[in-house]
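Visitor: Last residue of the sequence shown: number 207 in the UniProt record's numbering, and the count goes up by one each step with no gaps. Using N, Cα and C, we set each Cβ at its ideal position, and we do this for glycine too.
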Amino acid sequence: MTNSVVKNGFVFNLPIGFRFHPTDEELVVHYLKRKVFSLPLPVSIIPDLDVFQLNPWDFPGSLKEKRYFFTQKRMNLKNKCWSSDCGGYWKRTNKEKQILDPITRLVIGLNKSHVFYKMEKARGLKTQWIMQEFCLVGSATTPYSAQKIMMQVGDWVVCRVYQRRRKAKLQNLGIGMAQTTSCSSEITEVSSNECLDQEVISSSRCN
């Protein structure tokens, strides 16, 4: 993310070490809700970007950090949305989290997860790119039922995009390989000692 923000028409540089790291509730209440209702934002740190026009590695900002973008919702009936250059597509997962208002404790938003699939040889290969899509919701009743349903409010959503790391898995794999190597060495050492013992016994019998 950028280390500069805009407030009241002035650009401010964030001090070294400061990062934009909002909670899910802060993202929905203080940024998305204000964006949907055209209210002033606390700071202009989240840019508008059509995230479905680019591949995730081409998004502006550092690839090592989580990046945030306002975009307009665009998803087809198969829960897939292709990038404009057909380099891949975002696919929605079954993970969905409700965002509660910190004061009223009512549901005010939803967090829906997506995974990017890269096209290679006419196949979609799952990548480590994750996009969390936050939408503002409200409750409403239908003419045919008194039961309240959740509906999205406005066309804007805010997305958190990042690359999932495999570091933990690689470390565990390294530990496992080290243990396996250690066990193999111990077995080899024991086998060698057994062979030496057998040689000593054979020599004693011959004498």
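Does the beta-carbon of L77 have 16 or more other beta-carbons within 10 angstroms, so that it is buried, or is it exposed?
Guide: Here residue 77 refers to the residue found at position 77 when the sequence shown is read from its first residue. Reliability fails at L77, whose pLDDT of 44 lies under 50, so the model's placement of it is uncertain and the value that follows must be treated cautiously. When all chains shown are included, L77 counts as exposed.
Visitor: Among the residues of its own chain, which have a CB less than 8 Å from the CB of M119, if the five just before and after it don't count?
Guide: Taking the first residue of the sequence shown as position 1, residue 119 is located at position 119. These residues qualify, in order along the chain: C86, G87, G88, Y89, L125.
Visitor: Please report the residue range of the beta strand (DSSP E) in which R19 lies.
Guide: For the purposes of this step, residue 19 is taken as the residue at position 19 of the sequence shown. It is not in any beta strand (DSSP E) - R19 carries neither H nor E in the DSSP assignment.
Visitor: Which one of R123, P40, Q132, V153 has the shortest CA to CA distance from Q163?
Guide: Taking the first residue of the sequence shown as 1, we reach residue 163 at position 163. With distances taken between Cα atoms, Q163 lies closest to Q132.
Visitor: May I ask you to report which of helix, strand or coil DSSP gives L27?
Guide: For the purposes of this step, residue 27 is taken as residue 27 along the sequence shown, with counting starting at 1. DSSP places L27 in helix when its eight states are reduced to three.
Visitor: Give me whichever residues DSSP pairs with G124 in a beta bridge.
Guide: Taking the first residue of the sequence shown as 1, we reach residue 124 at position 124. G124 is bridged to M119.
Visitor: Expressed to the nearest angstrom, what Euclidean distance is found between the alpha-carbon atoms of A122 and P60?
Guide: As a first step, residue 122 is located in the sequence shown; it is residue number 122 there, counting from the start. As a first step, residue 60 is located in the sequence shown; it is residue number 60 there, counting from the start. Near 27 Å, if we compare the C-alpha coordinates of P60 and A122.
Visitor: How would you write the range of the alpha helix (DSSP H) that K35 sits in, first residue to last?
Guide: The count along the sequence shown starts at 1 and reaches residue 35 at position 35. Start and end: 33-36.
Visitor: Shortest alpha-carbon distance to G154 belongs to which of D58, P102, R165, T71?
Guide: Within the sequence shown, the letter at position 154 stands for residue 154. Checked all of D58, P102, R165, T71; the closest Cα to G154 is T71.
Visitor: How about L106 and I99: do their beta carbons lie closer than 8 Å?
Guide: Indexing the sequence shown from 1 puts residue 106 at position 106. Indexing the sequence shown from 1 puts residue 99 at position 99. No.
Visitor: Sorted by chain position, which residues of the same chain lie with C-beta nearer than 6 Å to P102's C-beta, five sequence neighbours on each side aside?
Guide: Locating residue 102 in the sequence shown gives position 102, counting from the first residue. Excluding positions up to five away in sequence, the list reads E25.
Visitor: Starting from the Cα of K73, find the closest Cα among Q128, T23, R92 and give me that residue.
Guide: By one-based count along the sequence shown, residue 73 stands at place 73. It is R92.
Visitor: Is V153 near the ligand FMN, going by C-beta to nearest heavy atom under 7 Å?
Guide: In the structure shown, the ligand FMN is absent, as is every other ligand, since no ligand is present at all.
Visitor: Per DSSP, D48 forms a beta bridge with which residues?
Guide: One-based indexing of the sequence shown puts residue 48 at position 48. Beta-bridge pairing links D48 to F70.
Visitor: Does the CB of P15 have a neighbour CB from chain D at under 8 Å?
Guide: Absent from the structure: chain D. Only one protein chain is present.
Visitor: Using beta-carbon positions only, say whether L136 and V36 come within less than 8 Å of one another.
Guide: In the sequence shown, residue 136 corresponds to position 136, counting from 1. In the sequence shown, residue 36 corresponds to position 36, counting from 1. Closer than 8 Å, so yes.
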